[in-house]
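Chains as they are written, first to last, in this note's numbering: chain A, 1385 to 1538; chain B, 1385 to 1538. Note that CB positions come from ideal geometry on N, CA and C, so glycine has one too.
There are 2 protein chains.
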Amino acid sequence: MTQASLPTLSLCNNATLRRAARKLGRFYDDMLAPSGLKGTQYGLLYQIHVGDEPAMGAIAEALIMDLSALGHTLKPLVRDGYVETFADKDDRRIKRVRLTALGRAKLEEATKLWSTAQGRFEAMVGKEHAANLRSALDNIAELDFETPAAAPSS
Amino acid sequence: MTQASLPTLSLCNNATLRRAARKLGRFYDDMLAPSGLKGTQYGLLYQIHVGDEPAMGAIAEALIMDLSALGHTLKPLVRDGYVETFADKDDRRIKRVRLTALGRAKLEEATKLWSTAQGRFEAMVGKEHAANLRSALDNIAELDFETPAAAPSS
DNA sequence: ATCAATTAGTGGCATATGCCACTTTCGGCA
DNA sequence: TGCCGAAAGTGGCATATGCCACTAATTGAT
Chain A
1385 MTQASLPTLS LCNNATLRRA ARKLGRFYDD MLAPSGLKGT QYGLLYQIHV GDEPAMGAIA
1445 EALIMDLSAL GHTLKPLVRD GYVETFADKD DRRIKRVRLT ALGRAKLEEA TKLWSTAQGR
1505 FEAMVGKEHA ANLRSALDNI AELDFETPAA APSS
Chain B
1385 MTQASLPTLS LCNNATLRRA ARKLGRFYDD MLAPSGLKGT QYGLLYQIHV GDEPAMGAIA
1445 EALIMDLSAL GHTLKPLVRD GYVETFADKD DRRIKRVRLT ALGRAKLEEA TKLWSTAQGR
1505 FEAMVGKEHA ANLRSALDNI AELDFETPAA APSS
């Protein structure tokens, strides 16, 4: 305790979270590399897969991501033929998304790699600890930050 | 339990972490907005601040981010005059970084906003829980994934 | 001294994410 | 029926991150 080695900003919840995300992201990315998918893309394909031809908005909401960001992220997947979109029958504003046969195959292929990554990670931190951590992260994702901002003097 | 509502991919540690990061990131970003800084930039300025004219590599290592990514992220901060770089006296390969007077002022200004964000967040999840979470995240950041890959039949 | 191997960054390219300003559709009300 | 406000996406612009191929500066071994 001679010279407090840089407070490493470990106090900021946001910075700490991002840092861990960078680290873990690279690990999953590396493991998924053989499939040509990034961790994010894998997650997105999976989300589309489990959904019933979900609308863009539904996916964005589930992943807690900006709708336009989702649109951008989806482009390479559409370009590579893993995903296709189509307008909703009843509401032409709504764009639905689904995997193509190629996309389903790719997802299956990547899932094997994902399992290895997931397994390796959980072997290192402990399955239970991982589950607890996910739970804590899900809680954060569920929080309602609703900036009370300038409380409208109702 | 009629129709297992989409497994929401909550099983993937990586996806869960990213999702929480998006959510929390937006919150901190919103709170820091008045300063014109993004959460990432704030963290970077802080890291530079606590370091002793750190080298690019040292910062990248501390934040667990790619060196080139750091270079890119640093650009807008240099452009806006918050940060300046200079070559190391003894090793011209090394580029050191430090805050400008403007940068220090901006960091101070943003720190007030950050405190509010940090406080609001911790009030919602509990100071202790937040500390535990950061600790768990730091552990992940410290993990050694060393892809054993093709074990070189030594 | 000299040259190979290593180290520290840079630049280019691609994906990840957000915000904002629009455009297109809908839905509801006068 | 016609118009206004809400809902769902798109495109453009900017930052966040990574990887890879290179360049410059050092270090180490001969």
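Residue burial is scored here from C-beta neighbours: Leu-1491 (chain B) has at least 16 other C-beta atoms within 10 angstroms and is therefore classed as buried. A residue is called buried once 16 or more other Cβ atoms fall within 10 Å of its Cβ, and Thr-1500 (chain A), having fewer, is exposed. Within the region 1396-1469 of chain A, no complete beta strand (DSSP E) segment of 3 residues or longer occurs.
Contact of Ala-1514 (chain A) with chain B by beta-carbon distance below 7 Å involves Asn-1397. Between Met-1440 (chain B) and chain A, the shortest Cβ-Cβ separation is not below 9 Å. When Cβ-Cβ separations below 9 Å define contact, Asp-1472 (chain A) makes no contact with chain B. Going by beta carbons, Ala-1444 (chain A) and Gly-1435 (chain A) fall outside the 9 Å limit.
For the region 1498-1510 of chain B, the residues whose beta carbon sits under 8 Å from a beta carbon of chain A are, in order, Trp-1498, Ala-1501, Gln-1502, Arg-1504, Phe-1505, Glu-1506, Met-1508, Val-1509. Against chain A, a Cβ distance below 7 Å from Tyr-1412 (chain B) picks out Asn-1398. Classified as exposed, Pro-1418 (chain A) has fewer than 16 neighbouring CB atoms from the shown chains inside 10 Å of its CB. Residue nearest to Leu-1521 (chain A) within the set B:Leu-1395, B:Cys-1396, B:Thr-1400 is B:Thr-1400 (criterion: CA-CA distance). Taken atom to atom, the span from the alpha-carbon of Phe-1470 (chain B) to that of Arg-1480 (chain B) is near 5 Å. Contacts between Arg-1477 (chain B) and chain A, judged by CB atoms closer than 9 Å, are missing: the closest CB pair is about 23 Å apart. If you look at Lys-1479 (chain B), you'll find it in the beta strand (DSSP E) that goes 1479-1483. Looking at the DSSP output, Ala-1471 (chain B) sits in a beta bridge with B:Lys-1479. The beta-carbon of Thr-1424 (chain B) is placed less than 9 Å from the nearest beta-carbon of chain A.
Between Leu-1451 (chain B) and Tyr-1466 (chain B), the C-beta gap is not smaller than 9 Å, which leaves the two residues out of contact.
Residues of the same chain with a CB within less than 8 Å of the CB of Asp-1472 (chain B), apart from the 5 flanking positions on each side, are Ala-1439, Ile-1478, Lys-1479, Arg-1480 in chain order.
The alpha carbon of Gly-1427 (chain A) has as its nearest neighbour, out of A:Asn-1398, A:Leu-1483, A:Cys-1396, the alpha carbon of A:Leu-1483. Not flagged as an interface residue toward chain B: Arg-1463 (chain A), since no C-beta distance is shorter than 9 Å. The DSSP-derived three-state label of Gly-1487 (chain A) is helix. Against chain B, the CB of Ala-1405 (chain A) has a partner CB under 9 Å away; the residue lies at that interface. Asp-1528 (chain A) sits in coil when the DSSP states are folded into three classes, being neither helix nor strand. Between Lys-1407 (chain B) and Ala-1525 (chain A), the C-beta gap is smaller than 9 Å, which places the two residues in contact. The CB of Arg-1402 (chain B) comes closer than 8 Å to the CB of Ala-1405, Gly-1409, Gly-1423, Thr-1424, Gly-1427 in chain A, given here in chain order. By the criterion of a C-beta distance shorter than 6 Å, Phe-1505 (chain A) is surrounded by no residue of its chain, once the five residues flanking it on both sides are discounted.
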